[in-house]
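In what follows, a structure is listed as structure tokens, so that the remarks can point back to it.
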Amino acid sequence: MRHAKNQMKLYLPSLSINEGLARNAVAMFIAQINPTIEEISDIKCAVSEAVTNSIVHGYKYSQGIVYIGVKYFSDRTIVIEIKDKGCGIENIEQAMTPLFTTDTSGERSGMGFAVMQTFMDKLDVISKIGSGVRVVMTKKLK
Amino acid sequence: MEKIKCIFENKVLTVRIIGDIDHHSARGVREKIDYIIFDKKPILVLLDLSAVEFMDSSGLGLILGRYTISKDIGADFKIIRPSSNVKRILDLAGIDRLMKIEGDDNNEAC
Ligand SMILES: Nc1ncnc2c1ncn2[C@@H]1O[C@H](COP(=O)(O)OP(=O)(O)O)[C@@H](O)[C@H]1O
Ligand SMILES: [Mg+2]
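Here the protein sequences come in this chain order: A and B.
10 is the number that numbering that gives the first Met the number 0 gives to position 11 of the first sequence; each next residue is one higher, with no gaps.
48 is the number that numbering that gives the first Met the number 0 gives to position 49 of the second sequence; each next residue is one higher, with no gaps.
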């Protein structure tokens, strides 16, 4: 097992005001290894998607903790893990289909997972009904 | 803090969003825009995204919702001057197949 060069852990209450804090904190951490402007923008977007999902879908606006872990390795690979202990996802494949959403307000696009998939190199979604969701995203910087 | 600035001229409503668009900020922005659209009843809505540095898929939901509302009142809807960050997420979702996207962040005017 390789050792991370540096790592950060952040636990935040599931308040929507923390979406900006989460993505900007991750961006500042990653800035240590000089990513391109485009890479930073992609990573911020992917983090924002996963954190928002935990708040909106996982905890459904009730109180909970969103766990964020970020690591980078000497080969410039970044691993970001975002976890909640919310309701979980019943059918992950369906959830990851572009445009699929369980939201009924008509204001969500169902494109969150598609964004994470496109802007990161690798996306893993692990979930058990009733015990939450773990999203692991990897990206190798130039 | 996200803000919006509106110009209403010759029945054309230009809405300029200033700041990040995420799930947290989308609600306030959406309420303000909808209020103005219903109040002014424009024939064309121009959504100016030149001052939006960050947008995630909540922004796509916001855009699609305002597009639908504009169509409902018979108004045309266009996105103008998205920054390059915003353009990439618009492209990813294929927004350009649904509505016109004009100009880019290189012709930063006002
Ligand atoms: N952390 C989560 N906990 C529970 N359900 C989730 C979580 N993340 C995603 N989902 C489910 O996956 C669906 C698709 O997510 P996404 O692609 O981000 O679209 P959107 O957030 O616009 O609905 C959501 O509508 C929701 O049903
Ligand atoms: Mg989402």
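C-beta: ideal position from N, C-alpha, C; glycine also.
Check: Just reading off the alpha helix (DSSP H) that B/Y66 is part of, what are its end residues?; Outcome: 56-71
Check: Please state whether the Cβ-Cβ distance between A/I79 and A/V46 is less than 8 Å.; Outcome: yes
Check: Taking 8 Å as the cut-off, decide whether the C-beta atoms of A/I32 and A/L98 are in contact.; Outcome: no
Check: Run down chain A in chain order and give the residues with a C-beta less than 7 Å from the C-beta of B/I88.; Outcome: C44, V114
Check: Which whole-angstrom value describes the C-beta separation of A/E48 and A/G111, a residue pair presumed to lie in contact below a C-beta threshold of 8 Å?; Outcome: 4 Å
Check: Alpha carbon to alpha carbon, how far is A/Y10 from A/Q62?; Outcome: 13 Å
Check: Closer than 8 Å is the cut-off here; do at least three beta carbon pairs connect the region 111-125 of chain A with the region 7-14 of chain B?; Outcome: no
Check: What number of angstroms, rounded off, separates the C-alpha of B/G64 from the C-alpha of B/V51?; Outcome: 18 Å
Check: What are the boundary residues of the beta strand (DSSP E) that includes A/L98?; Outcome: Here A/L98 belongs to no beta strand (DSSP E), and DSSP marks it neither H nor E.
Check: Establish whether the CB of A/K4 and some CB of chain B are separated by less than 8 Å.; Outcome: no
Check: Shorter than 8 Å from the beta carbon of B/L91 to some beta carbon of chain A?; Outcome: yes
Check: For the region 14-35 of chain A, which residues have a CB atom closer than 7 Å to at least one CB atom of chain B, in sequence order?; Outcome: S15, I16, E18, G19
Check: Only counting the same chain, and skipping five residues up and downstream in sequence, which positions put a Cβ closer than 6 Å to that of B/K99?; Outcome: K77
Check: Going by the CB atoms, is the gap between A/S73 and A/K4 shorter than 8 Å?; Outcome: yes
Check: Taking B/V28 as the reference, which of B/Y66, B/V44, B/L45, B/K2 has the closest Cα?; Outcome: B/K2
Check: Give every residue of the same chain whose Cβ lies closer than 7 Å to the Cβ of B/D90, excluding the five residues on either side of it in the sequence, and list them in chain order.; Outcome: none
Check: Please return the same chain residues whose Cβ sits closer than 6 Å to the Cβ of B/G102, not counting the five positions on each side in sequence.; Outcome: I79, R80
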